[in-house]
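Colleague: Pasting in a structure now, in structure tokens, and then I'll have a few things to ask.
What follows is the structure, given as structure tokens:
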């Protein structure tokens, strides 16, 4: 500590130690905040049609288009160390030989739900307005509320989606997905913290963290539909992301 | 010119005395640990991680400010140098420095 340079080195060196220690304590402190997520996920409609993986492909595959209703309350997942939540819905169905091959899982919809203090990012999910009114915002407060990624007056993590179109049509590696039985829709999420570990969703209770409550939807994939399905019915929806239509 | 360079070197180096070094060391650990603890407690009680970030960074900046410059309170106990020997052993007697003994590796050299 005898001259300026050694003092700078010592202060900075100990600062890194303190920063690491504080970050470690923050990462551990999240076990103290109770969480009790709940969700009700219902199948609205599922259709299976033939399609091509891309325009120039000569391969014809079966694609499933799953519409769903979701009523979820993930707001307790937002503690002081939560940056954002990546929520996603998978359709899972058994393989042809369940004893040796595990179930297949395919994501049909996902959303990045930021915490209120997270900086704005174009990929965050914007919840559709609950009032269904498309009136233009009049006051500045209305405009700011409209930019929030969750309904006005609410907190982040509450999802109320009715007859939601999927983001992704799904198909199987075999090319055939029609008439498979015992499929389920399941809500999953990742809690992404500011510092600390990424936490996956769980069904069991762990200390003050309760598992997900609420029923998930079970269904069977229907038979292949012919050409009578209208193209508009099979559209996917990117959600309310600000950069709708352009990749991140 | 030499005097000017000496002054510049002294500002650049910013040396402090031994007691000042002990104090600077203590202040570094005390201030940084304290600001880290306060940062966490305030952030946790307000449930706002930005408070933790800003208090932690602010405390670190304060520590740099308090410890790095050679403030006068780090130079309160300067050690006096031995007086310069002018012309060898004979001069010691004439200067009244007989009492001073300089030892190097346990051997008395003057």
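Chains as they are written, first to last, in the numbering used here: chain Y, 461 to 708; chain U, 11 to 120. Even for Gly, the Cβ is constructed at its ideal location relative to N, Cα and C.
In chain order, what are the residue ranges of uninterrupted alpha helix (DSSP H) at least 4 long that sit wholly in the stretch 482-532 of chain Y?
Modeller: Correct list: empty.
Colleague: How should residue 640 of chain Y be labelled, buried or exposed, when 16 other C-beta atoms within 10 angstroms of its C-beta is the threshold for buried?
Modeller: Classification of residue 640 of chain Y: buried, given that the 10 Å Cβ count is 16 or more.
Colleague: Just checking: is the beta-carbon of residue 464 of chain Y within a distance shorter than 8 Å of some beta-carbon in chain U?
Modeller: True, the Cβ-Cβ gap to chain U drops below 8 Å.
Colleague: Three or more beta-carbon pairs under 8 Å between the stretch 678-687 of chain Y and the stretch 640-654 of chain Y, yes or no?
Modeller: Enough Cβ pairs lie closer than 8 Å, so yes.
Colleague: Select from the stretch 43-66 of chain U all residues with a C-beta closer than 9 Å to any C-beta belonging to chain Y, and list them in chain order.
Modeller: Listed by position along the chain: 43, 45, 46, 47, 49, 50, 53, 54, 56, 57, 58, 59, 60, 62, 63 and 66.
Colleague: Please report whether the beta-carbon of residue 471 of chain Y lies at a distance below 8 Å from any beta-carbon of chain U.
Modeller: Yes, because at least one Cβ of chain U sits closer than 8 Å to the Cβ of residue 471 of chain Y.
Colleague: Could you say if the stretch 648-664 of chain Y and the stretch 544-562 of chain Y meet the contact criterion of at least three C-beta pairs nearer than 8 Å?
Modeller: As far as the Cβ criterion goes, the stretch 648-664 of chain Y touches the stretch 544-562 of chain Y, which means the pair count is three or higher.
Colleague: Where do the ends of the beta strand (DSSP E) carrying residue 565 of chain Y lie?
Modeller: Where residue 565 of chain Y is concerned, the enclosing beta strand (DSSP E) stretches over 564-574.
Colleague: Run through chain U and tell me which residues come within less than 7 Å of residue 468 of chain Y, C-beta to C-beta.
Modeller: Here the neighbours are 78.
Colleague: Measure how close the beta-carbons of residue 478 of chain Y and residue 43 of chain U come, nearest whole angstrom, since I'm counting them as under 8 Å.
Modeller: Correct: roughly 6 Å between the Cβ atoms.
Colleague: Could you list which residues in chain U have their beta carbon closer than 7 Å to that of residue 485 of chain Y, in chain order?
Modeller: The contacting residues are 50.
Colleague: The ligand MN and residue 526 of chain Y: does any heavy atom of the ligand fall closer than 7 Å to the residue's C-beta?
Modeller: Ligands displayed in this structure: none; no statement on the ligand MN is therefore possible.
Colleague: Check the Cβ-Cβ distances between residue 593 of chain Y and every residue of chain U, and say whether any is below 8 Å.
Modeller: Bear in mind that a pLDDT of 49 at residue 593 of chain Y, under 50, signals an unreliable position, so the model cannot answer this.
Colleague: List the residues of chain Y whose Cβ lies closer than 7 Å to the Cβ of residue 74 of chain U, in chain order.
Modeller: Per Cβ cutoff of 7 Å: 471.
Colleague: Hey, would you say residue 468 of chain Y sits closer than 8 Å to residue 551 of chain Y, going by beta carbons?
Modeller: Contact flag unset, no.
Colleague: Run the CB neighbour count on residue 585 of chain Y, radius 10 Å, all protein chains shown included, and call it buried at 16 or more, exposed below.
Modeller: Classification of residue 585 of chain Y: buried, given that the 10 Å Cβ count is 16 or more.
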